[in-house]
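Novice: Going down the list, the sequences are from chains G and B. Take 1 as the starting number for the first sequence in this note's numbering and just add one per residue. Take 1001 as the starting number for the second sequence in this note's numbering and just add one per residue. Yeah, the Cβ is synthetic: ideal placement off N, Cα and C, and Gly gets one too. No experiment lies behind these values; they were computed from the predicted model shown.
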Amino acid sequence: MYDFSFEITYEPGVDEYVDLFIDRGSLQSEATYSCLDPAELWKLESVTGDAADLAAVDELLLDESVDRESISGRTCRAARTTSLLTDERRRRVTYTYLTDVDYCESVPLIAAKYVDGGALFEQTRSGDTVRWRVLVQDDSKIGMLYDTLSARLGEGRSFSFEHLTEVDRWESELLSRPDVRAEQRETLLLAVERGYFETPREATLDELAAELDEPRSTVSYRLRRATAELAKRFADQRS
Amino acid sequence: MTPDTPTDDEQRTPTDAAGGDGYPTDVLVGPDWVEARLDRFRADAPDLRLLEVDVNASFYEEGHAPGAVGVGWRTDLRSAEAHDILSPAEMTAFLESCGITEETTVVIYGDNRNWFAAHLYWQLAHYGHPDVRIMDGGREYWVEHGYPTTTEPVDPPAVTYGDAPDAPAKPEVRADRTEVRAAIGGDTEFVDVRLPEEFRGEVTKPPGSDEGAMRGGHVPGATNVFWAENVRPSGLFRPPAELADVYESRGITPDDDVIVYCRIGERSSLAWFVLEELLGYDHVRHYDGSWTEWGNMIGVPIEVGEADGGG
């Protein structure tokens, strides 16, 4: 399996969806795409961020006339449906389905024309940058895909190749689970739920300890262990 | 969807009906022009022949314009005897195998907005075939806009070319490495049509490809005009005023001596076609050795990073 990774960087004003990520720094998006037939495409997108920033995204996320797929200067000609699967304070998950595609210059649909047997697509958005990882079994058409994708970019977008490597370890955030022990997870979830991590804190360690019926020192220790594990995993994924 | 119901007015322009959006139809025809003549392309009589040449060779088998002869760039457009374009004898044999005589109007199209269609056009210009044209928009435009396609094989009747070339009729459309080296530092404008990251020297070959060079960068003094700037998002060539501005805004004008190049000489064929045939520049040469030659040679000057702003 090969990993073809590249970034597309957007100038402000060329893509209304990207503009939101440029203007609102807390927003992050992860999406996975599936496309075997160049006439249809589906994706799951998870957007996280501060509540106010997420509220600003809602309108665009669910507006089926907004083209979040095309990388070129022309809008996809296809039928699009979007539904909201998760609606939390700091997270939205949407499902988008494109069908009857006459043309749509999105990364997965262009790739589907070149790569036989399908590919997996992972996309992350942050600020002005959209990062793509395309996983393929065979890399023989990747050179063509590189030339074609880079040429389809509309004005105000720039292409930067990162790597083409054979995959021998997995670092994806989409499929990973932090290794937090069950009692630590229980403590952590309660702490988040009660607002322990809010500023200012909405719960004290003593209150959490009382609710869990554990000594304060035990609760404190579990929270430190859990956050340390998450922090290390976070750093590993970015190194 | 039918071709005559566009949703966005950029998609269907006078190009299609007139065959070239104000460009001369003896070099550029629109898909409507081709569609109206499909029966003649398919006929045994060799007046008109349609050729499809794709970067991705498997596209042709998935469907092509009825009557279009499939051309493989790796097998048909490169010399079997040397690392070079076709020799005169090879070119004649290739044309005869496509049912083309010296009287034939040859129309070429292909994927990636006509990369290799332009390359074949340039080779035919080099050898002086009298009538050759490109179909605007290429394969993608044809397929995306619902023009007819078929998977039927096309086997044109064998013909004799006629007065076959034994040498290039227009050697002035080609530049070799000696000419390139001699032109550095002079008045010649070098146009490098590769991606900015290739121009700057950060990428020396496309991922997963063996079309590489030992050194990255560009010919000293070259201007980076990415090839895709010649076409609109739909794949049609930009209209004349816009297209002229792509070059003139960078100080490259019709009376300049120009040499174009890319990585293996296909994308720069498109730029050559634009400058020579669509914009009527006086003297445009195509350095088909391009970066796979220049970036692998010993002792030639190379510039890296952004252009220095010089000509």
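Mind listing the chain B neighbours of leucine 164 of chain G? Cutoff is C-beta to C-beta under 8 Å, in chain order.
Specialist: The answer, in chain order, is Pro1207 and Gly1208.
Novice: Starting from the beta carbon of glutamate 1035 of chain B, find every residue of chain G whose beta carbon is closer than 9 Å, and list them in chain order.
Specialist: Those within 9 Å of glutamate 1035 of chain B in chain G number zero; the least Cβ separation is about 17 Å.
Novice: Start and end of the alpha helix (DSSP H) containing glycine 143 of chain G?
Specialist: First-last of the alpha helix (DSSP H) with glycine 143 of chain G: 142-152.
Novice: How about threonine 1188 of chain B and aspartate 1256 of chain B: are their beta carbons less than 9 Å apart?
Specialist: Yes, they are a contact pair.
Novice: Taking all protein chains shown into account, decide if isoleucine 1298 of chain B is buried (16 or more other Cβ within 10 angstroms of its Cβ) or exposed.
Specialist: Isoleucine 1298 of chain B is exposed by the Cβ-count criterion.
Novice: For the putative contact between arginine 80 of chain G and leucine 54 of chain G, defined by C-beta atoms under 8 Å, what is the C-beta separation to the nearest angstrom?
Specialist: At roughly 21 Å, the Cβ-Cβ gap does not stay under 8 Å, so arginine 80 of chain G and leucine 54 of chain G are not in contact.
Novice: Counting pairs of beta carbons, one from the segment 1091-1109 of chain B and one from the segment 1124-1135 of chain B, are three or more of them closer than 8 Å?
Specialist: Contact between the segment 1091-1109 of chain B and the segment 1124-1135 of chain B is present, because at least three Cβ pairs lie under 8 Å.
Novice: Whole angstroms are fine: how far does the CA of tyrosine 1261 of chain B sit from the CA of asparagine 1230 of chain B?
Specialist: Looking at the two C-alpha atoms, the distance is approximately 15 Å.
Novice: Can you find a C-beta in chain G that's less than 9 Å from the C-beta of serine 1087 of chain B?
Specialist: Cβ-Cβ to chain G under 9 Å: no for serine 1087 of chain B.
Novice: For the segment 103-123 of chain G against the segment 1149-1160 of chain B, do three or more pairs of beta-carbon atoms, one drawn from each stretch, fall closer than 8 Å, so that the two count as touching?
Specialist: No, they do not touch.
Novice: So what does DSSP say about serine 1097 of chain B, is it helix, strand or coil?
Specialist: Three-state result, serine 1097 of chain B: helix.
Novice: Residues in the segment 1055-1068 of chain B with C-beta within 7 Å of chain G's C-beta atoms, listed in sequence order?
Specialist: Here the close residues are Val1055 and Asn1056.
Novice: Find out if the Cβ-Cβ distance for the pair arginine 157 of chain G, tyrosine 10 of chain G is shorter than 9 Å.
Specialist: Yes, these two residues count as a Cβ contact at 9 Å.
Novice: Drop a sphere of 10 angstroms on the beta-carbon of glutamine 137 of chain G, count the other beta-carbons inside from all chains shown, and report buried for 16 or more, exposed for fewer.
Specialist: With fewer than 16 Cβ atoms within 10 Å of its Cβ, glutamine 137 of chain G is classed as exposed.
Novice: On the criterion of 16 or more Cβ atoms from any shown chain inside 10 Å, does lysine 141 of chain G qualify as buried, or is it exposed?
Specialist: The residue in question, lysine 141 of chain G, is buried, as its Cβ has 16 or more Cβ neighbours within 10 Å.
Novice: Nearest by alpha-carbon distance to glutamate 1172 of chain B: which of B:Glu1035, B:Leu1195, B:Val1284 and B:Val1055 is it?
Specialist: The option with the nearest alpha carbon to glutamate 1172 of chain B is B:Val1284.
Novice: Using a cut-off of 9 Å between C-beta atoms, extract the partners of glycine 143 of chain G located in chain A.
Specialist: As a matter of chain content, chain A is missing from the structure shown, whose protein chains are G and B.
Novice: When Cβ atoms are compared, which residues of the segment 1104-1121 of chain B fall closer than 7 Å to chain G?
Specialist: Within the segment 1104-1121 of chain B, the residues whose Cβ lies closer than 7 Å to some Cβ of chain G are Asn1112, listed in chain order.
Novice: Suppose you measure from the CA of alanine 1164 of chain B to the CA of leucine 1077 of chain B; what does that come to, to the nearest Å?
Specialist: When rounded, the distance between both Cα atoms is 17 Å.
Novice: If we define contact as Cβ-Cβ less than 9 Å, is phenylalanine 21 of chain G a contact residue for chain B?
Specialist: No, phenylalanine 21 of chain G does not count as interfacial toward chain B.
Novice: With a cut-off of 8 Å on the beta carbons, I'd call isoleucine 1264 of chain B and valine 1191 of chain B a contact; round off their distance for me.
Specialist: Contact doesn't hold; Cβ gap of about 16 Å is too wide.
Novice: Skipping 5 residues on each side, what residues in its chain have a beta carbon closer than 6 Å to that of aspartate 15 of chain G?
Specialist: Once the five neighbours on either side are set aside, aspartate 15 of chain G has no close Cβ partner at all.
Novice: To the nearest angstrom, how far is it from the Cα of aspartate 128 of chain G to the Cα of leucine 98 of chain G?
Specialist: The straight-line gap from Cα to Cα measures roughly 24 Å.
Novice: Considering only the alpha carbon of each residue, which of B:Leu1270, B:Ala1241, B:Trp1291 and B:Phe1041 lies closest to glycine 1217 of chain B?
Specialist: Measuring from the Cα of glycine 1217 of chain B, the nearest candidate turns out to be B:Trp1291.
Novice: Report buried or exposed for threonine 1151 of chain B, applying the criterion of at least 16 other Cβ atoms within 10 angstroms of its Cβ.
Specialist: It is exposed - the Cβ of threonine 1151 of chain B has fewer than 16 other Cβ atoms within 10 Å.
Novice: Which residue comes first and which comes last in the alpha helix (DSSP H) that contains glutamine 245 of chain G?
Specialist: Residue coverage of chain G in this structure runs from 1 to 239, which leaves residue 245 of chain G outside it and unanswerable.
Novice: Within a Cβ cutoff of 8 Å, which residues of the same chain sit near glutamate 202 of chain G, ignoring the five residues on either side of it in sequence?
Specialist: Arg194, Gly195 and Tyr196, listed in sequence order.
Novice: Could you pull out every residue in the same chain whose Cβ sits closer than 6 Å to the Cβ of threonine 75 of chain G, ignoring the five residues on either side in sequence?
Specialist: Hits under 6 Å: Asp67.
Novice: Need the endpoints of the beta strand (DSSP E) that isoleucine 8 of chain G sits in, please.
Specialist: Start and end: 2-10.
Novice: Which value, in whole angstroms, describes the spacing of the CA atoms of aspartate 116 of chain G and proline 1046 of chain B?
Specialist: Going by the C-alpha atoms only, they are around 36 Å apart.
Novice: For a cutoff of 9 Å on Cβ pairs, would you count serine 176 of chain G as touching chain B?
Specialist: Annotation note: pLDDT 49 at serine 176 of chain G (below 50); position unreliable, coordinate value reported separately. With 9 Å as the cut-off, serine 176 of chain G does not count as an interface residue toward chain B.
Novice: Is serine 1079 of chain B buried or exposed, if buried means 16 or more other CB atoms sit within 10 Å of its CB?
Specialist: Under this definition serine 1079 of chain B is an exposed residue.
Novice: Measuring alpha carbon to alpha carbon, tell me which residue in B:Ala1228, B:Glu1198 and B:Val1203 is nearest asparagine 1114 of chain B.
Specialist: Residue B:Ala1228 is the option with its Cα nearest to asparagine 1114 of chain B.
Novice: Within a Cβ cutoff of 7 Å, which residues of the same chain sit near phenylalanine 6 of chain G, ignoring the five residues on either side of it in sequence?
Specialist: Trp132, Phe159, Ser160, Phe161 and Glu162.
Novice: Anything in the segment 54-75 of chain G with a Cβ closer than 8 Å to a Cβ of chain B? List those residues in chain order, please.
Specialist: Cβ contacts with chain B come from Ser72, Gly73, Arg74 and Thr75.
Novice: Going by C-alpha to C-alpha distance, which of B:Pro1301, B:Ser1269 and B:Val1304 sits closest to tyrosine 1121 of chain B?
Specialist: When only C-alpha atoms are compared, the closest one is B:Ser1269.
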